[in-house]
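Participant: Per the UniProt record's numbering, residue 1 is the first one in the sequence shown, and the count goes up by one each step.
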Amino acid sequence: MGRPSRGKSVNLLKTSAAAIIIYLNKFDSPDQPGMINHSFVRPVACLVLVYLFYRANTTAKGIMRPDDANIMGNVHGGIILKMIEEAGCIVSTRHCNTQDGDRCLALLVRVEKTEFLSPVFIGEVVHITAEITYTSKHSLEVQVIVMAENILTGGKKLASKAALWYVPCSLQNVNKIMEVPSIQYVSAEQKDEGRKRYEAQKIERMETRARVEEVMPPLPNSVGFSQSSLIHLVGPLDCILHDYVHGGVTMKLMDEVAGIVAARHCNTNIVTASVDAINFHRKIKKGCVVTVTGRLTFVSNRSMELEVLVDAASLVEKEMKKYRAVSAFFTFISLDKDNKPLPVPPLKVSIINASSEVSAKVHHKSASGLWAGLLVRK
1 MGRPSRGKSV NLLKTSAAAI IIYLNKFDSP DQPGMINHSF VRPVACLVLV
51 YLFYRANTTA KGIMRPDDAN IMGNVHGGII LKMIEEAGCI VSTRHCNTQD
101 GDRCLALLVR VEKTEFLSPV FIGEVVHITA EITYTSKHSL EVQVIVMAEN
151 ILTGGKKLAS KAALWYVPCS LQNVNKIMEV PSIQYVSAEQ KDEGRKRYEA
201 QKIERMETRA RVEEVMPPLP NSVGFSQSSL IHLVGPLDCI LHDYVHGGVT
251 MKLMDEVAGI VAARHCNTNI VTASVDAINF HRKIKKGCVV TVTGRLTFVS
301 NRSMELEVLV DAASLVEKEM KKYRAVSAFF TFISLDKDNK PLPVPPLKVS
351 IINASSEVSA KVHHKSASGL WAGLLVRK
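1. Quick check: the Cα distance between residue 348 and residue 297, rounded to an integer number of angstroms?
2. Apply the 10 Å Cβ neighbour rule to residue 287 and answer buried if 16 or more other Cβ atoms are within range, or exposed otherwise.
3. In three-state DSSP terms, what is residue 100?
4. Does the structure place the region 132 to 151 close enough to the region 181 to 195 that three or more beta carbon pairs sit under 8 Å?
5. Please determine, among 57, 268 and 92, the residue with the shortest C-alpha to C-alpha distance to residue 129.
6. Residues bridged to residue 141 by DSSP?
7. Quick one: what does DSSP say residue 203 is sitting in, helix, strand or coil?
8. Between 246, 114, 344 and 232, which has its C-alpha nearest residue 144's C-alpha?
9. Going by beta carbon distance, what residues of the same chain come within less than 7 Å of residue 87, once the five residues before and after it are set aside?
10. Who does residue 77 pair with in a DSSP beta bridge?
11. Ignore the nearest five residues each way along the sequence and tell me which others in residue 233's own chain have a CB closer than 6 Å to its CB.
12. Enumerate, from N- to C-terminal direction, the unbroken beta strand (DSSP E) stretches of 3 or more residues contained entirely within the region 277 to 309.
13. Alpha carbon to alpha carbon, what distance is there between residue 140 and residue 187?
14. From the DSSP output, in three-state form, read off residue 127 for me.
15. What residue from 79, 195 and 237 has the CA that sits closest to residue 159's CA?
16. Tell me the DSSP secondary structure of residue 233 in three-state form.
17. Contact defined as beta carbons within less than 8 Å: I believe residue 224 pairs with residue 261. What is the distance between those atoms, to the nearest angstrom?
18. Smallest Cα separation from residue 231: which of 190, 272 and 292?
19. Please tell me whether residue 146 and residue 125 are closer than 8 Å, where the distance is taken between their beta carbons.
20. Got a sec? Which residues, its chain only, sit under 6 Å from residue 93 by beta carbon, not counting five neighbours each side?
21. Report the three-state DSSP secondary structure of residue 320 (helix, strand or coil).
22. May I have the straight-line CA-CA distance separating residue 220 from residue 345, to the nearest angstrom?
23. Taking only three categories from DSSP, how would you classify residue 65?
24. Quick one: what's got a C-beta closer than 6 Å to residue 258's C-beta in the same chain, skipping five residues either side?
25. In terms of residue numbering, what span does the alpha helix (DSSP H) encompassing residue 250 cover?
26. Measuring alpha carbon to alpha carbon, tell me which residue in 302, 169 and 152 is nearest residue 63.
27. So, are the CB atoms of residue 120 and residue 167 less than 8 Å apart?
28. Assuming contact is defined by CB atoms lying nearer than 8 Å, are residue 100 and residue 172 in contact in what I supplied?
29. So the candidates are 203, 84 and 176; which of them puts its Cα closest to the Cα of residue 161?
30. Okay, do the region 269 to 288 and the region 320 to 328 touch, 3+ Cβ pairs below 8 Å being the bar?
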């Protein structure tokens with residue numbers, strides 16, 4: 001006799017658990033005492049029920065470290081959200097793979113209101129419990145609870161809670177939505193409440209999708225089309241002594257933005273060819289929000305020059321106004337799949353921005369000699 005499939009095995013356990021419960025309820029009554037020796041049946045029933053509970057639940061824990069902190073020393077909300085989603089993904093994927101058919105991965109489609117009830121501090125142990133509370137034909141709801149434990153005092157507190165919705169996608173075809181195995185509900189009321197939540201989120205998601213409007217992009221190959229910005233909150237890991245940002249951290253952000261601008265303009269592989277003098281005008285302190293903006297200022301046949309500006313403003317010190325912290329000019333080239341230089345599309349300058357574009361050319365320097373003669377002087 002062949003080994004039963006995974007889905008059939010789980011269904012068999014569900015049926016067995018239900019039968020055992022009915023059996024115990026029937027014979028363990030005042031009217032018919034002593035009809036059965038429970039010394040064996042009760043442990044078996046408990047093991048089956050524990051297994052079924054395990055299939056629909058998961059628990060994770062981890063100690064919070066300094067790199068999990070925000071600028072105030074508390075654990076960053078994004079870290080908690082990431083841990084919540086990981087727990088939800090684990091329990092959802094595990095449950096959806098208990099049936100026969102394609103193996104699948106549960107993907108997040110919606111997060112209901114997430115409540116951050118208490119701050120979590122560095123050194124505390126976070127306990128995350130995720131439970132599947134409702135299943136429809138193609139989606140499932142997971143409710144997650146986050147507890148924070150002080151391992152020095154033993155005290156625990158409810159830190160966060162959230163509800164998430166997942167859909168299982170086949171690993172063979174990611175566009176194929178798999179069916180979700182049903183869960184066993186404690187009562188009919190629990191199932192009805194879950195169905196109400198399912199219908200409510202379904203309606204809200206459809207309304208949100210209907211409100212999404214297409215944004216008309218600027219003219220291709222214009223300055224506005226490729227201009228890009230990156231906003232970054234300066235945290236402890238970005239800083240050296242005295243809570244000021246590493247110069248290397250700032251330069252990396254600047255190069256990333258410049259690369260985005262160049263890639264948008266060329267739509268090819270791009271690389272940094274050179275960087276003109278980088279001027280650090282003022283220090284950037286921990287807790288500042290930095291806005292890194294890049295835009296094209298000059299384009300030749302084989303290279304493009306970009307101006308990158310870094311502005312900073314304190315998030316907590318209201319009296320500190322936004323200021324220019326760093327500025328520089330980057331030169332990029334476009335490459336083909338064999339890493340050979342490609343022609344750069346000409347820059348389309350609008351009349352409104354023409355004066356600023358012409359003045360920017362004053363800063364342009366010839367790119368000849370770069371990359372061992374690969375670049376050609378315009």
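We put the CB at the ideal spot given by N, CA and C, even for glycine.
Facilitator: So, from the listed chains and residues:
1. Going by C-alpha positions, residue 348 is about 11 Å away from residue 297.
2. By the 10 Å Cβ count, residue 287 comes out buried.
3. In this structure, residue 100 counts as coil in the three-state DSSP scheme.
4. Cβ pair count under 8 Å is three or more, so yes.
5. Nearest of 57, 268 and 92 to residue 129, Cα basis: 57.
6. Residue pairing by DSSP puts residue 141 in a beta bridge opposite 134 and 165.
7. It is helical.
8. The option with the nearest alpha carbon to residue 144 is 114.
9. When the five nearest sequence neighbours on each side are left out, the beta carbons in the same chain lying within less than 7 Å of the beta carbon of residue 87 are those of 58, 60, 128, 130 and 144, in order along the chain.
10. According to DSSP, which records beta bridges pairwise, residue 77 is partnered with nothing at all.
11. The answer, listed in chain order, is 289.
12. Runs of the beta strand (DSSP E) inside the region 277 to 309: 288 to 299.
13. A straight-line Cα-Cα distance of about 17 Å links residue 187 and residue 140.
14. Here residue 127 sits in strand by DSSP.
15. Nearest option by C-alpha distance: 79.
16. In the structure shown, residue 233 sits in a strand (DSSP, three-state: E or B).
17. 11 Å between Cβ atoms; not a contact.
18. Selected option, being the one with the closest Cα: 292.
19. Their beta carbons are not under 8 Å apart, which means residue 146 does not touch residue 125 by this criterion.
20. Excluding residues within five positions, the ones whose Cβ falls inside 6 Å are 105 and 106.
21. The three-state reading of DSSP puts residue 320 in coil, since its state is none of H, G, I, E or B.
22. Distance between the alpha carbons of residue 220 and residue 345 is about 10 Å.
23. In the three-state reduction of the DSSP assignment, residue 65 falls in the coil class, being assigned neither a helical nor a strand state.
24. Excluding residues within five positions, the ones whose Cβ falls inside 6 Å are 294, 306, 308 and 330.
25. Start and end: 247 to 266.
26. Looking at 302, 169 and 152, the one whose alpha-carbon comes closest to that of residue 63 is 152.
27. Against a cut-off of 8 Å, the Cβ pair of residue 167 and residue 120 comes out as no contact.
28. No; because the gap between Cβ atoms is not below 8 Å, this pair is not in contact.
29. Closest option to residue 161, Cα to Cα, is 84.
30. Verdict: yes, contact present.
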